[in-house]
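Visitor: Per the working numbering, the sequence shown starts with residue 6, numbered consecutively.
Pasting a structure here, questions to come.
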Amino acid sequence: MIRYFTDSSNTETEYTYAVGRIRELERKLLNKVLLDKLIESYDLPSSINLLIEGGLDSYGFDIYNHADFEDSLNKELIRTYKVIKVISPYPFIYYVFALNYDFHNLKVLIKSKYLKKKYTECLSEIGTINIKNLIMAIEEEKYAEIPVSFESAVRKTISEYKKLQDPGIIDLILDKERYNIISNILKDIEAPFLKDFIEMNIDLNNIITAIRTKIRGEDKSFLKKVLIDKGNLDLKNIIDIFDSPLSSWNAKFAKTDYEKVVEIGLKSYETKGSLTEIERLVDNYILNFVKIGRFITFGMEPLVGFIVAKENDIKNIRIILSGKLNKLSPAKIRERIRD
6 MIRYFTDSSN TETEYTYAVG RIRELERKLL NKVLLDKLIE SYDLPSSINL
56 LIEGGLDSYG FDIYNHADFE DSLNKELIRT YKVIKVISPY PFIYYVFALN
106 YDFHNLKVLI KSKYLKKKYT ECLSEIGTIN IKNLIMAIEE EKYAEIPVSF
156 ESAVRKTISE YKKLQDPGII DLILDKERYN IISNILKDIE APFLKDFIEM
206 NIDLNNIITA IRTKIRGEDK SFLKKVLIDK GNLDLKNIID IFDSPLSSWN
256 AKFAKTDYEK VVEIGLKSYE TKGSLTEIER LVDNYILNFV KIGRFITFGM
306 EPLVGFIVAK ENDIKNIRII LSGKLNKLSP AKIRERIRD
């Protein structure tokens, strides 16, 4: 069993360098003062100037082509993951997070093939599997260069899509398979914090999936197909309430850790007809969970916390810059910002 964080294993050789680098990188994270200035800024050029003046010049924003900020955000994320890969004491810390981008790429490639649309410009370099090997697997059905678990995930996804002819099932099945792979990776590893983090993500994913499935008018058989059984929430409870009105779901989650997420999120949906607020609440819940990393001297908590915080920074910057590009009001932008 791989060691994790205990009084005896928490040695300088394991975590001193990694956490030291993380503390340096944390200085370049967005703070609330800068975030507020960005939201209230006049336009896109002024927002980018604020980012550069605020010490986020490492993003490499093009001051001559302000609208081309997406490339800068993607490159910053790639740089971040390269650092995490180098400093992680154990490969699985990096792998668990980078796997998300492998499965993002699978989603893009499968949709490109079966929906007859080109999405390949959306492919990410961050994943653990060479993109050429993923392309070969999807386009030519040659799986020799990808893990067996990936092949299984692809075959299941394509099979379900062919049966249902519903593009939404591609995301749902691949998300489920990704979490199954992660759970299998972690089952023999002594990493309680990371396991709790993943189980929490699965729970929140299941909640959002159930709500979306209900709104779409799908039946229980569809829901059972896409729920992930590796979390802490009892899936039977979610399935049992599925036929009830959404307005009654609060009671079922009243004694869970996710009570406020569901209560406030569903109230917002009833008022606005949008899931934007519950998606924001889910992200905030995850961010609050990993903040413990700020108070841990050694261990994987600071690494996990930084990865989540950095991805959140990039998401917030994207929301703000896209909002400025589309001339949204500060109030509209603020509604979507994660804490």
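Virtual Cβ for every residue (Gly too), placed ideally from N, Cα, C.
Find the nearest neighbour of Ile291 within the set Asn210, Thr218, Lys225 and Thr281, judged by alpha-carbon distance.
Guide: Comparing Cα positions, the closest option is Asn210.
Visitor: Should Ile175 and Phe97 be called a contact, given that it needs their Cβ atoms to be closer than 8 Å?
Guide: Contact flag unset, no.
Visitor: Using beta-carbon positions only, say whether Leu35 and Ala72 come within less than 8 Å of one another.
Guide: Not a contact, by the Cβ cut-off of 8 Å.
Visitor: Taking just the CA atoms, how far does Leu128 sit from His109?
Guide: Straight-line Cα distance between these residues: approximately 8 Å.
Visitor: By Cβ distance below 7 Å, which residues in the same chain neighbour Glu31 in space, the five residues on each side in sequence not counted?
Guide: Closer than 7 Å at the Cβ level, and outside the excluded window around Glu31, lie Phe311.
Visitor: State buried or exposed for Phe300, treating a residue as buried only when at least 16 other CB atoms are found within 10 Å of its CB.
Guide: Exposed, because fewer than 16 other Cβ atoms sit within 10 Å of the Cβ of Phe300.
Visitor: Mind checking which residues open and close the alpha helix (DSSP H) that includes Asp344?
Guide: Here Asp344 belongs to no alpha helix (DSSP H), and DSSP marks it neither H nor E.
Visitor: Under a three-way DSSP split, which group does Ser334 fall into?
Guide: Note: Ser334 maps to coil in three-state DSSP.
Visitor: Between Thr281 and the rest of its own chain, which residues show a CB-CB distance below 8 Å, the 5 nearest in sequence each way excluded?
Guide: So the qualifying residues of the chain are Ser273, Glu340 and Arg341.
Visitor: Which residue wins for smallest C-alpha separation from Ser93, given the options Gly132, Arg26, Ser279 and Trp254?
Guide: Considering only alpha carbons, the answer is Arg26.
Visitor: Do Ile143 and Val153 have their C-beta atoms within less than 8 Å of each other?
Guide: Result no, Cβ atoms of Ile143 and Val153 do not sit closer than 8 Å.
Visitor: Quick check on the burial criterion: 16 or more other C-beta atoms within 10 angstroms. Buried or exposed for Asp107?
Guide: When all chains shown are included, Asp107 counts as buried.
Visitor: Taking only three categories from DSSP, how would you classify Ile194?
Guide: Strand.
Visitor: Do you know how far the Cα of Asn79 is from the Cα of Ala336?
Guide: Each residue's Cα considered, the two are about 26 Å apart.
Visitor: Assign Tyr345 to buried or exposed, taking buried as 16 or more other Cβ atoms, counted over all protein chains shown, within 10 Å of its Cβ.
Guide: This structure leaves residue 345 out entirely; the chain is present only between 6 and 344.
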